[in-house]
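These notes concern the structure reproduced below.
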Amino acid sequence: MDVVVVESPNKVKTINKYLGKNYKVLASFGHVRDLPAKDGSVRPDDDFSMSWEVDGPSSKRLADIAKAVKEADGLILATDPDREGEAISWHVLEVLRQKRALKDKRVQRVVFNSITKQAVLDAMANPRQIDPPLVDAYLARRALDYLVGFTLSPVLWRKLPGARSAGRVQSVALRFVCDREAEIERFVREDYWLIAAILGTPRNESFEARLTTVDGKKLEKLDIKTQEQADGIKAMLDGAVFRALSVEAKPTKRNPAAPFTTSTLQQAASSRLSFSAQRTMQVAQRLYEGLEIGGETAGLITYMRTDGVQMAPEAITAAREAIAKEFGQKYVPEKPRYYSAKAKNAQEAHEAIRPTDFSRTPAEMKKYLDADQARLYEMIWKRAIASQMLPAEIERTTVEIEARNGAQTAGLRAVGSVVRFDGFIAAYTEQKDEDAEDEESKRLPEIRAGETLDRKTVNVTAHTTEPPPRYSEASFIKKMEELGIGRPSTYVATLKTLEDRDYVKIENRKLIPQPKGRLVTAFMESFFEHYVEYDFTASLEEKLDEISDGKLAWKDVLRDFWRDFSGAVGGIKELRVTDVLDALNEELAPLVFPAREDGSNPRICPRCGSGNLSLKLGKFGAFVGCSNYPECGYTRQLGDAANGNGEAANGDSGDKVLGKDPYTAEEITLRNGRFGPYVQRGEGKEAKRSSLPKGWTVDTVDHEKALALLALPRDVGKHPESGKMISAGLGRYGPFVLHDGTYANLESIEDVFSIGLNRAVSVIAEKHSKGKAARGGAPAALKTLGDHPDGGAVTVRDGRYGPYVNHGKVNATLPKGKDPMTVTLEEALALVAERAGKGGGNGKGNGARRTAKPARKTAAKKKKE
């Protein structure tokens, strides 16, 4: 018997079924070792030696693998077919050697690009050894990321409080998001006018023609700059005679795109399906690992982490057969189509993403898949099919038109296209930009050269130039690919890191750099410019690729990098914080000192009139403050725009007076501090303050609302049973009612001001009943994810302390911010295994919290001893 090690537990049953009783398949659950998150895990002074650490859950899994291997004839490492998969196999092998579990047993490495019986059996028939250059490339990448992160981050913490981390790829990706924001800030809008005429043929068919020349001079987009200029041209055209000078019909061909890579799949899923990159990869992972299809588990797509654009010869043959069956023989080209990658640093060792079986059409698979899986599978199937179809044949017609009014002339042009043969468009066509002109759908009527055309109307439209758009997830990924930054498997992780660090916010599917992210980028560009240059990062990626090809020694690359990098960091360590702030004040001037409508100096304090505004660093990050502190306490959050008076647009701290308290006669003001806008009554330490609740904006806060906020908490009335007072207020976790130590959440801040005694009693009673229900048994499952490899269902539930995953008696809390409805079985299994490794569950979904404290005390006690 041989032991087969795969990454995902979802593959275990399927592959075991394919291989039979002579094999035992076990899962590593992804990586089994990593560098400890502390100094000294990579040691440049010791020839870049590394210390690896195995966590609790991985330790148990490795022990199970070691035990099985000792009783087996051999070990087959079948982790994923990429660098990370090769690294996991290497780690497993290293641990087993340390455990002396191998002795003289046979060790083989196999890779399969899809989870189908044929693919798995073919891989088993063609084993190889672990690829040392691939492992070296992984080690170099991991060491570089560690050295950059653990060397730069402490510098950031000391020089830029509130900044959480910097990274080799993360910082460069953040830079181009911030650079785009700076472009938008510098952009100056320009007004321009466009003119088009609706003309008619002698056969009474209408079409549109756009103005291109006036009196022989070619018009550029912005040449008509005023309404008067536009009206003058319109008047000339209103009295002009129009004649078709030439009609040119030019046949063109549009070729299909290559099958999907990781990057293009994420981009297409974003624009077509509105999927986030993370959601796309989760759904694709499920399609790859396999689903129950007609009583048999089968993988529906090939491996989804790839930048290869070619399909295997047998897949091309199958695609051509499917095209003939589904669309007709006339759509099948004489010869197969072949593609090569255009992306920088692309590696084409693996196939593109394609269906494992083209005969499984989207329509047939729909009944086996959920909505997201069906939509993504359909897109992958159609794109792969289209890649092997004939090109679309399009006839593009251009008509040049003369307008003459006495001595004045103008030129107009009408353009339209006709699809003569749809070709691959019958299966799949790229999503067009929202504002892109779709010439293929604009068909012109018959127009003959030399004939006179009727003028129906002349339309003048005013336009304004727009700044470049912020990056979407799709364009962010496309940019990373174009620049050669990171690898396909890292795009989602990089984006998530930027979001988790509060460097970037995703709003309406656009990436908006946050002040903290702008600060980090400005710091890096000011003091580590070389290490956030696009070319430098891309060239380092090229070196890593050369390591994987066996052309470079990995430690030589590390030595070259570390020699220069450590010197650069050493020079910054002695830098004073005031020097950093001076540099950032200049670099981020549009953000820190936005222009004022009245034209006054944006760097002069609007409160005292004599102090200079500057960036200040506090415990929670940067803010703008006055140089006359503490005499002048003016502060403003970084990024707040200023109005014509120099006040923050959202109600600057201390200067917007709302009125006076009717009882104390103290002044009530709307202010803005480093934690956001708030209202304040009076001055000094005894002043009453209240932050604005969620949903309230500074422009809607008036004297009445401020009084209501400052009056909280308010007494609602005495409870009819206990006789104790019920109060309503606004707390850290939102609006609430309180009775005898029991807090119950309210739906909105308005409820705090309006809730009466009867409803308050009901809300508190509901809270008590929910508490009793929670103590009486486990909550109902929100979602059943599937079966655990050891048996039993894995579910998602919502407990007293938030959502968690459950298997048997083991409950594992979901990470903060994780949507319980997007949890995959693989993620759940990893969480359950980690929780079990810490000592099992407690039935409340928060056991990890309750077991952590004693462990820390024990560790502290040992250290003291």
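All the letters of the sequence shown, read from the start, carry residue numbers 1 to 865 under full-length UniProt numbering. Just so you know, even glycine gets a beta-carbon here, dropped at the ideal spot from N, CA and C.
Item                                                                                                                                                                 : Value
Nearest to residue 757 by CA position, among 365, 748, 737 and 745, is which residue?                                                                                : 737
If you count every other CB in all the chains shown that lies within 10 Å of the CB of residue 743, and 16 or more means buried, which is it?                        : exposed
Tell me the DSSP bridge mates of residue 614?                                                                                                                        : 625
Check the DSSP bridge columns for residue 504 and list the partner residues they point to.                                                                           : 513
Who are the Cβ neighbours of residue 301 in its own chain at under 8 Å, not counting the five residues just before and after it?                                     : 114, 284, 287, 288, 353, 354, 355, 356, 377 and 380
Per the DSSP calculation, residue 108 is bridged to which residue(s)?                                                                                                : 76
Per the contact definition of three or more C-beta pairs closer than 8 Å, is the stretch 537–554 in contact with the stretch 127–136?                                : yes
Span of the alpha helix (DSSP H) holding residue 580?                                                                                                                : 577–587
With respect to the beta strand (DSSP E) encompassing residue 18, which residues constitute its N-terminal and C-terminal limits?                                    : Residue 18 -> not in any beta strand (DSSP E); alpha helix (DSSP H) instead, spanning 12–19.
In the DSSP assignment, find the unbroken alpha helix (DSSP H) run with residue 150 in it and report its ends.                                                       : 132–159
Going by CA-CA distance only, name the one from 337, 104 and 263 that's closest to residue 305.                                                                      : 263
Does the distance from the C-beta atom of residue 604 to that of residue 615 stay below 9 Å?                                                                         : no
Starting from the Cα of residue 169, find the closest Cα among 42, 57, 484 and 221 and give me that residue.                                                         : 484
Go ahead and pull the three-state DSSP assignment for residue 172.                                                                                                   : helix
First and last residue of the alpha helix (DSSP H) that includes residue 534?                                                                                        : 534–548
So, helix, strand or coil for residue 703, using DSSP?                                                                                                               : helix
Where DSSP assigns a beta bridge to residue 408, which residues make up the other side?                                                                              : 405
Could you have a look at residue 42 and say whether DSSP puts it in helix, strand or coil?                                                                           : strand
Should residue 1 go down as buried or exposed, given a rule of 16 or more other Cβ atoms within 10 Å for buried?                                                     : exposed
What residues are listed by DSSP as bridge partners for residue 369?                                                                                                 : In DSSP, residue 369 forms no bridge with anything.
Pick from 37, 211 and 60: whose alpha carbon is nearest that of residue 404?                                                                                         : 211
Quick check on residue 768: buried or exposed, where buried means 16 or more other Cβ atoms within 10 Å of its Cβ?                                                   : exposed
Measuring CB to CB, does residue 198 end up less than 9 Å from residue 208?                                                                                          : yes
When you compare the CB of residue 2 with every CB in chain C, is at least one pair closer than 9 Å?                                                                 : No chain C appears in this structure, which consists of one protein chain only.
Does the Cβ of residue 238 lie closer than 8 Å to at least one heavy atom of the ligand HEM?                                                                         : With respect to the ligand HEM, the structure offers nothing, as it holds no ligand at all.
Can you name, in chain order, every residue of its own chain whose Cβ lies under 6 Å from the Cβ of residue 397, other than the five neighbours on each side?        : 249, 416 and 444
What separation, rounded to the nearest whole angstrom, lies between the Cα atoms of residue 80 and residue 489?                                                     : 12 Å
Starting from residue 49, follow its DSSP beta bridges and name the residues at the other end.                                                                       : 43
Give me the DSSP bridge partner(s) of residue 680.                                                                                                                   : 669 and 689
Applying the criterion that 16 or more other CB atoms from any shown protein chain within 10 Å of the CB defines a buried residue, is residue 536 buried or exposed? : exposed
Please return the same chain residues whose Cβ sits closer than 6 Å to the Cβ of residue 836, not counting the five positions on each side in sequence.              : 810
Contact check, residue 591 vs residue 638 under 8 Å by CB: the rounded distance?                                                                                     : 7 Å
Locate the alpha helix (DSSP H) running through residue 719, then write down its first and last residues.                                                            : No alpha helix (DSSP H) holds residue 719; DSSP gives it neither H nor E.
What do you reckon, are the CB atoms on residue 256 and residue 388 nearer than 9 Å?                                                                                 : yes
What does DSSP give as the partner residues of residue 806 in its beta bridges?                                                                                      : 795 and 811
Mapping the DSSP letters down to three states, classify residue 224 as helix, strand or coil.                                                                        : coil
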